[in-house]
Each structure stands twice: as structure tokens, then as C-alpha cells.
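In the UniProt record's numbering, the protein residues as written are 1 to 784.
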């Protein structure tokens with residue numbers, strides 16, 4: 001593609017001919033100059049970096065931010081080059097020569113999401129990109145991010161931390177007091193500062209087939225030039241064709257951010273040498289108007305895709321759709337109710353059928369074929385015989401089908417229908433083979449008040465019972481709420497009664513296990529298959545009566561009980577008659593006959609079957625016991641909520657904390673409950689997962705989630721009285737110390753709750769049905 005002329009005062013032919021040489025010359029000059037610069041905060045000789053691979057294996061890129069100046073905007077993906085992220089201010093080549101927040105060594109700035117939230121809880125006002133970081137990382141112990149540590153993002157991007165970045169004057173506006181920016185200083189608050197890193201991956205060798213196996217994308221020269229032209233540095237385009245990859249935060253699954261460290265082979269000065277941030281330099285942005293117009297969008301608030309409704313809301317929703325159908329089809333509200341119920345409250349489906357053949361729809365629903373329907377009438381043309389009681393009545397009451405009955409027969413018939421149950425909403429005319437449905441007004445006319453309420457309740461419940469888009473909450477203790485969800489994907493529904501259930505199967509929310517897996521698990525727990533497995537694993541059949549006999553201790557001499565068996569005496573090992581055994585066969589604890597038969601292979605199939613059954617039973621018991629442990633732990637949090645209420649009230653009464661300040665305790669307890677539920681079903685998920693490398697990954701994630709959940713649970717079980725008591729002096733702490741200690745505890749608990757929640761979400765996402773591991777589990781469970 002032709003080059004964009006960045007120098008319009010020069011002839012285009014001169015520029016197009018000279019630029020291919022200028023770009024390589026400038027690149028070579030820049031790389032040579034960068035190698036001559038002093039190293040930045042390298043480890044001291046012999047310094048051994050900490051082994052942080054396992055501890056930080058669950059980190060994730062929360063935000064990728066680029067922009068010219070501050071604040072930077074969050075994007076879904078970005079390029080990574082040896083000079084940083086294109087589109088960011090410091091990647092301009094002429095700025096890179098001056099050092100600072102630019103060049104090879106400080107190419108990328110990283111910061112911690114947890115640190116950002118902790119600083120904000122102390123009065124600061126940071127958001128992603130506000131401090132100049134390009135990558136905001138979560139679920140990482142930031143104290144381990146030291147000089148020399150290497151950070152691998154996905155499979156294609158490898159960064160090496162070069163130095164810890166201190167605050168600059170641009171951060172003054174993010175703090176209430178300018179001196180408070182020392183909160184992110186690497187010397188005063190270790191583990192809170194931003195870090196600078198260089199790109200160390202040798203990507204030039206990743207070409208052709210090797211690039212197809214990773215989620216990144218190597219740009220072609222023309223494609224790269226298109227992207228770099230708009231940034232004003234197209235002259236450097238081809239130089240980075242094979243050293244540029246995309247990173248996309250939506251592509252990563254756990255662990256998406258791995259950290260590794262060298263063995264201290266790099267030597268240098270141990271004191272950090274901090275360069276001034278590029279934002280401190282007296283250089284204007286490339287586009288000041290763009291910076292002035294740029295604003296940060298507030299974080300999107302996710303709305304649940306479903307609607308929880310109480311009885312009153314269900315009634316309003318039902319009346320609304322009945323009114324809409326009546327106006328659309330030009331029928332009465334009574335007929336509209338009948339039509340919608342017959343078509344399972346699907347107005348679109350009813351509309352299509354009605355305008356295709358309304359008479360056919362009327363016949364199907366038991367409505368009058370005339371339009372509009374005549375009102376029920378009284379037959380007064382002389383005495384008539386009631387077809388039910390066979391009495392001569394002057395005034396018979398009939399529907400528009402003209403089948404008349406006396407008032408007493410109507411009353412007895414309709415009351416009997418109501419007493420029979422909710423099928424009363426489908427009551428037809430008493431005349432034999434008459435399909436005309438009885439309108440709701442007849443039940444109000446002939447039924448007493450109690451039966452009218454029953455009938456109205458059943459009419460209301462049809463909107464939920466017969467509606468594919470509405471379901472009742474499945475709380476086992478009972479609930480009157482219903483959920484309306486028009487979607488097709490299976491979601492977890494959190495009812496207003498606090499119960500969380502699966503829309504697909506109605507069971508308790510069971511992610512990461514699929515609905516098919518849960519069904520198999522429930523069948524397995526309720527069936528007799530496990531009893532049979534236990535019998536096969538721990539018993540043998542009597543050789544004479546074939547009754548199962550268990551041997552739990554003692555010698556090989558077995559006696560079949562006469563109470564339920566035959567009294568036969570035999571050897572446990574070879575199953576031979578005990579009369580043929582003695583000291584010559586090995587005594588009571590050995591059997592030479594069995595040993596000889598085993599060598600001949602006579603008992604191989606039987607033993608193989610017993611061992612297989614025992615192995616299957618042991619595996620089942622392992623997962624079942626841990627499933628029940630987390631189920632008990634989840635139920636325990638319900639009773640612990642009362643303890644939390646007591647602690648909250650005590651803190652409010654004794655120390656003057658506001659109730660709103662203590663809300664984090666309830667949030668933490670709810671997070672523990674959610675983690676227990678997820679962990680409970682991970683054991684069902686793992687039971688149906690084959691032994692493989694995928695299962696090793698699953699068990700690693702499961703173990704870490706258990707550890708985080710236990711730590712958060714223990715944090716809530718602390719005795720707060722001991723937190724506000726000075727053991728050395730034996731006197732209570734001052735009110736200022738109490739508030740300070742509790743502020744630290746609240747910050748720690750809040751951060752740990754957020755980290756645990758994010759890690760749980762990432763585990764569910766990684767084990768979900770969209771991932772390879774989730775698809776494998778789903779296929780296995782459905783084919784087992």
C-alpha cells in the first residue's frame with residue numbers, strides 16, 4: 001500500500017522513495033541508543049528471585065488501557081510491541097529516545113486491581129487507566145511483583161519487570177491531599193506501587209504454523225500499516241511486522257497470567273532508579289482536542305435477564321396480557337383468558353393461529369363460533385326439563401350453546417368441579433359431548449366465597465404453570481415468588497427468598513456441573529446401585545445357598561448364619577468346604593488351595609470384579625463425602641448469619657459504627673455461601689471427569705478455591721472483642737485505635753471478598769460449557 005506522507009511540504013515521490021531506508025535507519029539508531037542506557041533497578045549480584053509461579057498462577061488481565069496522556073481509556077484488545085502498546089502516548093519513537101515512561105525497558109506499566117480498590121477505600125478516586133497503567137491485573141499478590149520477575153500473559157506475551165514506579169504530580173488530582181499519593185510509593189508502601197516492564201518474548205521466530213496454535217494474531221504488513229498510519233508513525237510499520245501480536249483480555253482462561261522468575265543471573269545495582277513519567281514532561285499530546293473531549297464511561301451495571309414477581313405482580317402481568325389479547329382479537333376478557341391459556345400464554349402463537357383460521361381456534365378452545373359471543377341467558381319460554389335433575393323448571397340457565405340447566409344443578413356441578421382441583425379452569429358444559437367452556441363469571445355466580453377464591457387462585461397459577469417463560473421458585477421450603485425469563489440459555493435464578501436455582505432443571509444452582517450430570521448424580525444417590533457395589537466389594541456368596549456374607553475381621557473360617565442362611569462352613573479365600581482344610585492347607589489364616597488356584601487363574605475374574613467394584617465405591621464415597629461436607633458448610637452459613645447480626649449490633653452499640661459500614665460482613669458471608677455451593681458441585685463435576693491433564697487443572701483450581709473460601713470463612717469467625725483488646729496492658733484500646741484497627745480489617749476483608757468472588761467467577765468461566773474442559777464433561781455426563 002502507498003505510504004501516507006507525514007511531511008506534506010516534501011514531494012511525494014521523494015518521501016515514498018526515501019522512507020523505506022529512513023525507517024530502518026531510525027530503528028537501528030533507536031535500538032542502539034536503548035542498549036547504551038543505564039539498566040533500571042536490576043537485581044543485586046547473587047540475588048535469588050522468589051518462586052512465584054504457583055502463587056500467582058491465577059491472575060488475570062482485568063483491563064487493558066491505552067491513551068495519549070491521562071486518563072487512559074479501557075479497550076478490549078491492544079497490540080504489544082517491544083516499545084509498548086501502539087496507540088499509547090509513550091510509544092511515539094521520538095519520545096522513546098528521551099527515556100522516562102517509554103522505550104524498551106519501561107514499555108508497559110502494570111498495576112493491581114486489588115491495590116486500586118484498597119487505595120480507593122481510603123479516599124482516593126482511581127479507575128482503570130487513571131494512573132497511567134496499561135494493564136490492570138487481578139487475583140495477584142502484588143508484593144511478589146518485584147524487579148526481575150517475568151509475567152506471561154496467555155501464550156504469546158512475556159514481560160519482565162524492570163523497576164517499580166513511584167507516584168508523579170499527575171496523581172495529585174486522584175488524592176484528597178497531594179501528600180497522600182505516597183500511598184502508592186514503592187519505598188513507603190511496598191506492594192502498592194505500579195510496576196514497569198519490558199517485552200522480552202522473542203516473537204520474530206513465531207511465524208507461519210507456530211502462530212496458528214496460539215490465540216494471538218500476527219499482523220500482515222499492509223494490515224499493520226493501516227493501523228499505524230492513523231497514529232502518525234507509519235514509517236516504523238514494517239520494522240515490527242513480526243514482533244507485534246494482539247492481546248485480547250476476553251481470550252484468556254484461568255490461569256491467564258503466569259509469573260516466572262530467573263535464578264538471579266542478571267547483575268546490577270539493587271537500588272531502584274526511577275525515571276520521571278512521560279506525563280511529567282513538557283510535551284503536548286498529539287491531539288489535544290481528542291483529550292479534551294475524551295471522557296470515562298461509568299461502569300456498566302449488569303441487569304439480571306429475568307424478572308422476579310410476587311403474587312400481585314403476577315396478577316398484573318396476567319391481566320395486562322389478557323387485555324392486550326382481547327383488544328387485538330376483538331374478544332371479551334373471559335374469552336381472551338381461555339384463548340391464552342389454551343396456547344400456553346404465547347400471544348404471538350395465538351395471534352398467528354387466530355388470523356389464519358379463527359373458527360378453528362374457537363372450536364379448539366371451546367368458545368362460541370359466533371362473534372361476538374352471546375351472553376349466558378335464561379330460558380323462559382314455559383316449563384322446561386333440566387337434563388340433570390329431570391325437574392320441570394320455568395327458568396333454565398344456559399350458555400350460548402343453548403343447553404339449559406336449573407340453578408341448583410349449575411351450583412352443584414360447578415362446586416364439585418372446584419372441589420376436584422385446579423382442573424376446574426377447564427370446566428365444560430354439563431351436556432354430554434358439549435365442548436363449550438364455562439366462563440369465569442359462572443363460578444362467581446354459583447360458587448360460595450371460599451370456592452371463588454380457590455378458582456381465582458387456580459386461574460392465576462395457570463399463568464405460571466402453563467407458561468413456558470415463567471416458572472415458580474423451586475425453594476424446597478416453599479416460596480410464592482415466580483420468575484419470568486424469555487431467554488433460551490440456561491441461567492441461575494436468584495429469587496427474592498435468597499434461594500438460587502437453575503432455570504433449566506429447577507434444581508439448586510449447580511455450576512459448573514451440567515443439568516444432565518446433576519440428574520445422573522441424583523439418580524445415583526437415590527438408586528440401589530451403590531448398595532449393590534458395596535455388596536460386591538465387601539461380601540462373597542455362600543457356596544451352598546448363595547447368600548452374601550461379609551468378612552470384616554478374623555480368620556478364613558466362615559460359617560453361613562442359620563438365621564438367614566444354611567449353616568454351611570467354608571473357606572473365605574477358596575470357597576471350599578472347611579472340612580477339607582487344616583494345618584496342611586495353611587491353617588486358619590492362609591490357604592494353599594487358594595494360592596494354587598490363583599496361580600492357575602481360577603479366581604482372576606472374580607477378584608477383578610470385586611476390585612473394580614471396590615475401586616468404584618471408594619471413588620464414589622470420596623466425592624460424595626466432600627459433596628456433603630460443603631453442603632453442610634453452605635447450610636451452616638444460614639445460621640452464622642444470625643451470629644453476624646449479633647456482631648453488627650454489638651459493634652454499633654459499643655463502638656458507634658454505622659450499620660452501613662458493616663455491610664461488608666454480610667457480603668463476605670454471602671460470598672462464602674456462594675463458594676460453598678460452587679465447591680459442592682465441583683465434586684459432582686469432577687466425579688464424571690476422566691483422569692487426564694484436564695482433570696489435574698480442574699483439581700488445581702478446585703483446591704485454590706477451597707483455600708480462599710476457608711480463609712474468608714475463618715476471617716468472619718474471628719472474635720471481634722479480642723481485636724479491640726490490648727493483651728499486653730490488659731486494657732481496652734482507645735476509640736481511635738478501635739476504629740483504625742477495624743478500618744484495616746474492613747479493607748482486608750473487603751479486598752479478600754472481591755478477590756474470592758472474581759476467582760470463583762473465573763473458575764466457573766473456565767469450567768463452563770464454552771471451554772474445552774466443560775464440553776468434555778458435558779459429553780461424558782450425557783453419554784455415561
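Even for Gly, the Cβ is constructed at its ideal location relative to N, Cα and C.
Predicted model only: the values in this text are computed from it and were never measured.
Distance from the CA of residue 386 to the CA of residue 429, rounded to the nearest whole angstrom, comes to 13 Å. With a threshold of 16 other beta carbon atoms within 10 Å, residue 737 falls short and is exposed. Of the residues 691, 540 and 638, the one whose Cα lies closest to the Cα of residue 610 is 540. Excluding sequence positions up to five before and after residue 185, its CB lies within less than 8 Å of the CB of 166, 167, 192 and 193, all in the same chain and listed in chain order. Relative to residue 116, the option among 171, 107, 81 and 149 whose CA is nearest is 171. Shortest Cα-Cα distance from residue 597 to any of 613, 582, 616 and 575 involves 575.
Distance between residue 466 and residue 431, taken at the CA atoms: about 27 Å. Burial state of residue 196 is buried, judged by a 10 Å Cβ sphere holding 16 or more other Cβ atoms. Residue nearest to residue 363 within the set 338, 349 and 352 is 338 (criterion: CA-CA distance). The beta-carbon distance between residue 129 and residue 108, rounded to whole angstroms, is 13 Å. This is too long to meet the 8 Å contact definition. For the pair residue 137 and residue 110, the CB atoms are nearer than the 8 Å cut-off. Taking C-alpha positions only, residue 307 is separated from residue 487 by approximately 11 Å. Per DSSP, residue 700 is one residue of the alpha helix (DSSP H) stretching across 693-716. For a cut-off of 8 Å, the C-beta gap from residue 713 to residue 684 is around 21 Å, too long to register as a contact. Listed in chain order, the non-local C-beta contacts of residue 318 below 7 Å within the same chain comprise 460 and 463, local neighbours out to five positions each way being set aside. Counting of Cβ neighbours within 10 angstroms places residue 71 among the buried residues, the total reaching 16 or more. Counting C-beta pairs closer than 8 Å gives three or more between the stretch 497-516 and the stretch 472-480, which meets the contact rule.
By the Cβ neighbour-count rule, residue 134 is buried, with 16 or more other Cβ atoms within 10 Å of its own.
Using a 10 angstroms sphere on the CB of residue 336, the tally of other CB atoms reaches 16 or more, which defines it as buried. Under the Cβ criterion (8 Å, minimum of three pairs), the stretch 410-428 does not count as touching the stretch 310-326.
Boundaries of the beta strand (DSSP E) around residue 492: 492-494.
The DSSP-derived three-state label of residue 438 is coil. With three or more CB-CB distances shorter than 8 Å, the stretch 758-768 counts as touching the stretch 696-704. Here residue 111 carries a strand assignment [DSSP, helix/strand/coil]. As summarised for the UniProt domain "RING-type" (386-433), the continuous beta strand (DSSP E) elements at least 3 residues long and confined to that stretch are 396-398, given in chain order. Going by DSSP, residue 755 is part of the alpha helix (DSSP H) stretching over 735-766. Annotated as proximal: residue 542 and residue 568, with beta-carbon spacing under 8 Å. Out of 178, 753, 144 and 152, the CA that lies nearest to the CA of residue 125 is found in 178.
The C-alpha of residue 577 is placed about 10 Å away from the C-alpha of residue 558.
For residue 513, no alpha helix (DSSP H) encloses it, and the DSSP letter there is neither H nor E. Taking all protein chains shown into account, residue 561 has fewer than 16 neighbouring C-beta atoms within 10 Å of its C-beta and is therefore exposed.
Membership of residue 462 in the alpha helix (DSSP H) is indicated by the continuous run 449-465. Less than 8 Å divides the Cβ of residue 758 from the Cβ of residue 139. Secondary structure at residue 178: helix, using DSSP grouped into helix, strand and coil.
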